[in-house]
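Visitor: Protein chains in written order, with the working numbering: chain A, 105 to 216; chain B, 169 to 280.
Ideal placement from N, C-alpha and C gives every residue a C-beta, glycine not left out.
One structure coming up, written as structure tokens, with questions to follow.
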Amino acid sequence: GENVEQHPSTLSVQEGDSAVIKCTYSDSASNYFPWYKQELGKGPQLIIDIRSNVGEKKDQRIAVTLNKTAKHFSLHITETQPEDSAVYFCAARATNAGKSTFGDGTTLTVKP
Amino acid sequence: NAGVTQTPKFQVLKTGQSMTLQCAQDMNHEYMSWYRQDPGMGLRLIHYSVGAGITDQGEVPNGYNVSRSTTEDFPLRLLSAAPSQTSVYFCASSYRGLTEAFFGQGTRLTVV
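Have a look at this one:
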């Protein structure tokens, strides 16, 4: 089955700096890679996703890059703000698979 | 449009008791799944369903049962609660294909 590894497990940055979280996956059949943000006491919410036919996607301060050959994808947050502090999860999923495999999460802390 | 609704939000059980965690979605999603979230271990898949009448096991299915008699509902049953089942449980749903999963707010379960 699919295995997703996520690094780092914790990340602390100063407000305004950039943050990068990396994930690797094992199953070459995976072709959908979402990123979720989980705030305290809430369920995860999608912040950005990328499909395997695209190498990069950007949405304001958030971007995701995908390297299919190396089987890794990354989340980039620029100009971080204190409200970006949360747990971030990456996931991988194959077409018509009823399930996603999640990384173990990264706790991001943005210091004012 | 309520999204994914989980009940209850909190529950305390005694070892050996049984209970059902409810999950309902009003988005006509084909896929539904249950995850448990433990500290430092991310989201682990318990059971999932790709449509009414179809269920399958995830990564950690032991001690849990599911059924999917309708598209909207996907209850998770704990047959005989154990302290190892103390966790936060999330239900998620999504459309078929490469689309995001929508999560409920979670059920925090404590087994004493």
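1. With a Cβ-Cβ cutoff of 9 Å, do L212/A and V117/A count as a contact?
2. For the segment 208-258 of chain B, list the beta strand (DSSP E) runs that are entirely contained and at least 3 residues long, ordered along the chain.
3. Starting from S116/A, follow the beta strand (DSSP E) in both directions and report where the run begins and ends.
4. From this set, Y232/B, A250/B, T238/B and L211/B, which residue's C-alpha is nearest N196/B's C-alpha?
5. When you check each C-beta in the segment 201-214 of chain B against every C-beta of chain A, which residues fall closer than 9 Å?
6. Using 10 angstroms around the beta-carbon of R165/A, count the other beta-carbons present and answer buried if the total reaches 16, otherwise exposed.
7. Which of the three DSSP states, helix, strand or coil, is assigned to E187/A?
8. Please tell me whether, using a cut-off of 8 Å, the distance from the CB of E109/A to the nearest non-hydrogen atom of the ligand SAH is below it.
9. Beta-carbon separation of V202/A and Y216/B under 9 Å?
10. Which residue comes first and which comes last in the beta strand (DSSP E) that contains S178/A?
11. Under three-state DSSP, which class holds S122/A?
12. Relative to chain B, which residues along the segment 134-149 of chain A have a C-beta separation below 9 Å, given in chain order?
13. Going by the DSSP bridge assignment, what does H111/A pair with across the sheet?
14. With 8 Å as the C-beta to C-beta threshold (strictly closer), list the residues of the segment 201-213 of chain A near chain B in chain order.
15. Evaluate contact between the segment 177-197 of chain A and the segment 116-135 of chain A, counting only Cβ atoms and requiring at least three cross-stretch pairs below 8 Å.
16. Could you list which residues in chain A have their beta carbon closer than 7 Å to that of Y232/B, in chain order?
Guide: With the given structure in hand:
1. As a working note, residue 212/A is residue 108 in the first sequence. As a working note, residue 117/A is residue 13 in the first sequence. Yes, the Cβ-Cβ distance between L212/A and V117/A is below 9 Å.
2. Those beta strand (DSSP E) runs which fall completely within the segment 208-258 of chain B and span 3+ residues are 211-219, 222-225, 232-234 and 244-246.
3. Here the question's residue 116/A lines up with position 12 in the first sequence. Unbroken beta strand (DSSP E) run through S116/A: T114 to Q118.
4. Residue mapping note: residue 196/B aligns to position 28 of the second sequence, counting from 1. Ranking the options by Cα distance to N196/B, first place goes to T238/B.
5. Listed by position, the residues of the segment 201-214 of chain B near chain A (Cβ gap below 9 Å) are S201, Y203, Q205, G208, M209, G210, L211, R212 and L213.
6. Stepping through the first sequence from its first residue, residue 165/A is reached at position 61. When all chains shown are included, R165/A counts as exposed.
7. Sequence index remark: in the first sequence, residue 187/A carries index 83 (1-based). Helix at E187/A.
8. The model on display carries no ligand, and the ligand SAH is accordingly not part of it.
9. The residue labelled residue 202/A in the question sits at position 98 within the first sequence. The residue labelled residue 216/B in the question sits at position 48 within the second sequence. It is Gly, not Val, that sits at residue 202/A in the sequence shown. Contact check for G202/A against Y216/B passes: the beta carbons are separated by less than 9 Å.
10. Mapped onto the first sequence, residue 178/A falls at position 74. Counting along the chain, the beta strand (DSSP E) containing S178/A begins and ends at H176 to I181.
11. Position 18 of the first sequence, counted from the first residue, corresponds to residue 122/A. Of the three classes helix, strand and coil, the one that applies to S122/A here is coil, per DSSP.
12. From the segment 134-149 of chain A, only N135, Y136, P138, Y140, Q142, G145, K146, G147, P148 and Q149 have a Cβ closer than 9 Å to chain B.
13. Within the first sequence, numbered from 1, the residue matching residue 111/A stands at position 7. Looking at the DSSP output, H111/A sits in a beta bridge with K126/A.
14. Listed by position, the residues of the segment 201-213 of chain A near chain B (Cβ gap below 8 Å) are G202, K203, S204, T205, F206, G207, D208 and G209.
15. Enough Cβ pairs lie closer than 8 Å, so yes.
16. Here residue 232/B is taken as the residue at index 64 of the second sequence, counted from 1. Going along chain A, no residue has its Cβ under 7 Å from Y232/B, so there is no contact; the nearest lies around 15 Å.
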